[in-house]
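Worksheet: the structure to be examined is printed underneath.
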Amino acid sequence: MTPLSLRSIAFHLEGTLLGEDCVVDTVGIDSRTLPRGGLFVALIGERNDGHDFIPSLVGRAEAVICQRKVDADIPQIVVLDTVEALGKLAKFSVDARSTPLIKIAITGSVGKTTTKELCGHVLNAALPTHRTQGNKNNHLGLPLTMLSLHPDDTAMICEMGMNAKGEISYLSSLLRPQYAIVTNIGTAHIGRLGSREEIRTAKLELCENMDRNGVLIVDGNEPLLRDKEAFSLYGGRRVIFVGKGANCDVRQTALAMHGDECSFRIASMFGEERDFSLPITGAHNAANALYAYTLAKLLNLSDEDIQSGFTAYQPIGMRQHIYEKNGIKYIADCYNAGPESMIASLRVLCENPAPAGGRKVAVLGDMLELGSFSEAAHRRVGATFATLGGDVLYTLGENARFIAASAQENGAKEVYSFSNSGTLVEALKYTLRQKDTVLFKASNGMHLDKVIEALHVNGE
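If you use the working numbering, the sequence shown corresponds to residues 234 to 693, in order.
The structure is reproduced here in structure tokens:
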């Protein structure tokens with residue numbers, strides 16, 4: 234972060250400084266990992282109260298931000314709300330920079346993190362670029378991303394997630410981006426928001442605090458991002474549409490899969506058609522790459538820089554992590570799931586050729602937060618599995634039983650449903666065989682990552 238005095242921080246947070254003034258340049262909310270000399274922000278959570286850890290930071294932390302004075306020999310800035318203070322501090326730190334900063338926001342129902350990583354790798358080929366680590370994209374993660382910005386960075390890419398209306402509005406008020414990417418409007422959180430139209434409105438809250446001369450890069454194949462209401466929400470800003478079809482400003486004109494990689498051609502408003510490749514497979518990943526390409530071109534990066542960034546890309550966490558163990562290929566894509574991302578993952582599984590004698594196996598769990606749309610969404614996934622020609626389907630969870638039922642209704646032969654992950658592990662342990670390709674996909678709350686871990690412990 235930008236080095237700041239406690240006195241200036243207290244002024245901007247409308248807090249009271251107790252103790253001597255000093256300058257800080259690092260901030261943290263976890264007392265266990267706070268760097269020596271850092272500023273600790275004491276948050277009050279459901280399980281822990283950060284104020285309880287302040288005495289243990291004497292001699293290690295430079296100062297603390299808290300909601301009540303604590304009996305400890307350490308400078309304290311007392312504020313009304315430490316969560317709000319964290320956001321204000323992040324904005325103050327970025328605004329206080331002496332050098333310009335390119336600020337990019339990324340949101341969407343599916344593909345935010347992959348698109349953010351692709352953009353980060355591409356921009357970093359030519360510009361020192363800071364980006365959200367992992368998927369820290371909420372009211373705590375975004376400020377921490379902003380506060381970990383290095384003085385030499387010239388661009389910052391921030392992922393913005395949301396569960397309800399108003400959340401992206403708040404996040405964009407902190408960042409105030411010049412560029413924004415909306416990957417798509419899907420059905421994630423539709424159980425809370427009620428319709429895709431309402432999801433669109435919530436996502437486009439990022440326009441409320443965007444630079445008036447900013448540029449939006451959005452899914453050109455999504456009618457909800459082209460209608461009258463969308464343009465009203467854009468607020469007169471320049472909009473670039475990416476996707477497939479002649480009505481897109483940046484479009485994919487060819488796509489080929491090569492095992493665990495893919496190649497594609499881009500035609501655009503920026504010049505002649507060019508071919509690019511990614512070290513990951515999947516049509517959805519090639520689509521995500523269009524956003525990174527467009528952003529890079531707006532920032533005057535070369536095609537060589539763009540391809541260099543694509544080549545450097547690696548999946549993070551449990552997002553389409555493809556690897557082989559004991560002769561079985563695993564596609565671990567179980568960080569989160571909605572109907573759109575689950576169907577995209579099924580296409581990766583089923584549309585790539587399997588080794589001779591190998592089967593295409595899907596292990597699918599519940600997709601959460603779909604509300605009254607849940608049964609229809611799960612049935613859609615099951616029908617897709619059968620239509621794509623998957624060989625074996627295992628489901629985990631009550632809602633996922635609709636996936637199984639629909640798959641069987643549409644012609645799938647080998648379908649097994651489980652309500653207990655332990656029983657699922659035992660079944661997989663004895664039925665998976667060499668040359669199989671196995672996809673694991675579910676909402677994070679289903680803990681399919683634990684199923685994979687248990688399989689590996691058992692030797693699979």
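By construction, the Cβ of each residue, glycine as well, lies at the ideal position given by its N, Cα and C atoms.
Note that this is a predicted model, so its numbers are computed, not measured.
Integer Cβ distance of residue i from residue j, believed to fall under 8 Å
| i | j | result |
| --- | --- | --- |
| alanine 675 | alanine 587 | Not a contact, Cβ separation roughly 22 Å. |
| leucine 408 | lysine 461 | Incorrect: roughly 27 Å between the Cβ atoms, too far for contact. |
| glycine 341 | valine 415 | 5 Å |
| cysteine 583 | glycine 630 | Their Cβ separation, rounded to whole angstroms, is 21 Å, which puts cysteine 583 and glycine 630 out of contact at 8 Å. |
| alanine 619 | threonine 628 | With a Cβ gap of about 13 Å, alanine 619 and threonine 628 do not count as contacting. |
| leucine 665 | phenylalanine 673 | In fact, because the Cβ distance is near 12 Å, the residues do not count as touching under 8 Å. |
| alanine 633 | aspartate 599 | 5 Å |
| leucine 449 | arginine 429 | Not a contact, Cβ separation roughly 18 Å. |
| tyrosine 563 | asparagine 677 | Actually they do not touch by this definition, with Cβ atoms about 17 Å apart. |
| leucine 621 | arginine 580 | 7 Å |
| glycine 271 | valine 260 | 6 Å |
| glutamine 553 | aspartate 566 | 5 Å |
Cβ neighbours of residue i in the same chain (closer than 8 Å, five flanking residues each side left out)
| i | result |
| --- | --- |
| glutamate 494 | Ser510, Leu511, Pro512, Ile513 and Thr514 |
| glutamine 300 | Ala275, Ile277, His284, Val311, Val312, Leu313, Asp314 and Thr315 |
| tyrosine 546 | Glu350, Leu351, His354, Leu511, Pro512 and Ile513 |
| isoleucine 549 | Thr346, Glu350 and Gly367 |
| alanine 608 | It is glutamate, not alanine, that sits at residue 608 in the sequence shown. Closer than 8 Å at the Cβ level, and outside the excluded window around glutamate 608, lie Asn632 and Phe635. |
| isoleucine 432 | Ser342, Ile418, Gly419, Thr420, Ala421, His422, Ile423 and Leu426 |
| threonine 332 | Pro384 and Thr387 |
| phenylalanine 543 | Leu351, His354, Val355, Phe509, Ser510, Leu511, Pro512, Ala522 and Ala525 |
| proline 361 | His383, Asp385, Asp386, Thr387 and Ala388 |
| aspartate 538 | Val355, Ala358, Ala359 and Ala529 |
| glycine 644 | Ala619 |
Residues that residue i bridges to, as DSSP identifies them
| i | result |
| --- | --- |
| tyrosine 226 | Residue 226 falls outside the range modelled here, since the chain spans only 234 to 693, and no answer is possible. |
| arginine 498 | Ala487 and Asp508 |
| tyrosine 526 | Its beta-bridge partners do not exist; DSSP assigns none. |
| histidine 282 | For the record, residue 282 in the displayed sequence is aspartate; it is not histidine. Answer is Ile277. |
| isoleucine 310 | Leu250 and Ile298 |
| isoleucine 287 | Beta-bridge pairing links isoleucine 287 to no other residue. |
| valine 596 | Tyr627 and Phe673 |
| alanine 388 | Ile335 and Thr362 |
| serine 650 | Thr628 |
| arginine 471 | Val448 |
| tyrosine 556 | Tyr563 |
| leucine 272 | Val260 and Ala296 |
| glycine 476 | Arg484 |
| leucine 237 | Val257 |
Chain-order list of residues whose beta-carbon lies under 7 Å from that of residue i (same chain, five-residue window excluded)
| i | result |
| --- | --- |
| aspartate 258 | Met234 and Pro236 |
| lysine 477 | Asn454, Arg484 and Gln485 |
| alanine 500 | Arg484, Thr486 and Glu506 |
| tyrosine 403 | His372 |
| isoleucine 457 | Rather than isoleucine, the amino acid found at residue 457 in this sequence is leucine. Hits under 7 Å: Ile418, Arg429, Glu430, Arg433 and Ala463. |
Whether residue i touches residue j by CB criterion (7 Å)
| i | j | result |
| --- | --- | --- |
| phenylalanine 273 | leucine 246 | no |
| leucine 528 | alanine 359 | no |
| methionine 389 | alanine 413 | no |
| valine 343 | serine 578 | no |
| methionine 379 | alanine 323 | yes |
| histidine 363 | aspartate 386 | yes |
| glutamate 253 | proline 308 | yes |
| glycine 560 | glutamine 667 | yes |
| alanine 595 | glycine 615 | no |
| leucine 239 | leucine 250 | yes |
| alanine 695 | leucine 488 | The chain is shown from 234 up to 693; residue 695 falls before or after that span and cannot be answered. |
| alanine 294 | leucine 267 | yes |
| alanine 338 | methionine 395 | no |
| isoleucine 401 | leucine 439 | yes |
| leucine 688 | leucine 657 | no |
| glycine 684 | serine 654 | A small fix is needed here, since residue 684 is valine in this sequence, not glycine. A contact, by the Cβ cut-off of 7 Å. |
| glutamate 647 | valine 625 | yes |
Residue i: first and last residue of the uninterrupted alpha helix (DSSP H) it sits in
| i | result |
| --- | --- |
| phenylalanine 464 | 461-467 |
| glutamine 641 | 634-642 |
| isoleucine 423 | 423-426 |
| glutamate 573 | 572-584 |
| isoleucine 539 | 536-545 |
| arginine 433 | 429-436 |
| leucine 375 | 374-380 |
| alanine 203 | Nothing about residue 203 can be reported from this structure: the residues present for the chain run from 234 to 693 only. |
| glutamate 317 | 315-328 |
| threonine 347 | 345-357 |
| alanine 687 | 681-690 |
Segment limits, beta strand (DSSP E) that includes residue i
| i | result |
| --- | --- |
| threonine 514 | Neither: threonine 514 is in no beta strand (DSSP E) and is coded neither H nor E. |
Same chain, Cβ closer than 6 Å to residue i, five either side skipped, listed in chain order
| i | result |
| --- | --- |
| tyrosine 649 | Tyr627 |
| tyrosine 663 | none |
| phenylalanine 286 | Ser264 |
| isoleucine 555 | Asp493 and Ile564 |
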